[in-house]
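For reference, the structure discussed in these notes is given below.
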Amino acid sequence: MKKTILFFIAVLMASFVIAQEPQRKMMGQRQNIEVLKVAYFTKHLSLTTEEAEKFWPLYNGYTSEVRKARGDHKEDILAFEENVLNIRKKFRSDLKKILVTDERVNKALVAEREFMNVVRKELQQRMEQRRKMRDPNKTDQ
């Protein structure tokens, strides 16, 4: 009886570990993207150490607010867009205190969009490669 219970507990624990593996992998990928984002922004904005120390807490707060707005306004896209616009306006004015010139502030706002496009394209290419590897005989349509 003890062996049966121990076996059942071991199987149950193994299933929990296996179920958490995709989450861990996804968290690792998310962390890799964050590291790439830091490098991308630092390079494109030519951030000094002092600027980076001020920029990243501000940027992280901004992205958290946008994420929260997305969750708060799941049903009302117009309210979401209005809220995000207000968040971006505040972010822009706070960013101006750090980056000083309008040119650098605009570069920061554009860099975010460009970075997301680069990530999106990379993910699409990887998905296409995986699809081709799964079915190499299938031709593109």
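Here the sequence shown is numbered in this note's numbering, starting from 499 and rising by one per residue. Where is the CB? At the ideal position from N, CA and C, for every residue including glycine.
Taking each of R565, S562, F553 in turn and checking the Cα distance to L597, the smallest one comes out for F553.
Counting along the chain, no alpha helix (DSSP H) covers P634, and no H or E run does either. A straight line joining the alpha-carbon of N615 with that of V582 spans about 19 Å. Counting only the Cα atoms, Q623 lies some 34 Å from K587. Per DSSP, the unbroken alpha helix (DSSP H) holding K566 starts and ends at 547-570. Fewer than three pairs of CB atoms, one per stretch, sit closer than 8 Å, so the segment 538-546 makes no contact with the segment 567-582.
The beta carbons of A609 and Y538 sit closer together than 9 Å. For V582, the enclosing alpha helix (DSSP H) starts and ends at 575-597. One thing to note: F613 has its Cβ within 9 Å of the Cβ of L534. V617 and E549 have their alpha carbons spaced roughly 25 Å apart. Contact check for D592 and L556: beta-carbon distance about 6 Å, within the 8 Å limit, so the pair qualifies.
Non-local C-beta neighbours of I585 in its own chain, meaning closer than 8 Å and more than five positions away in sequence, comprise Y560, E563, V564, A567, ordered along the chain.
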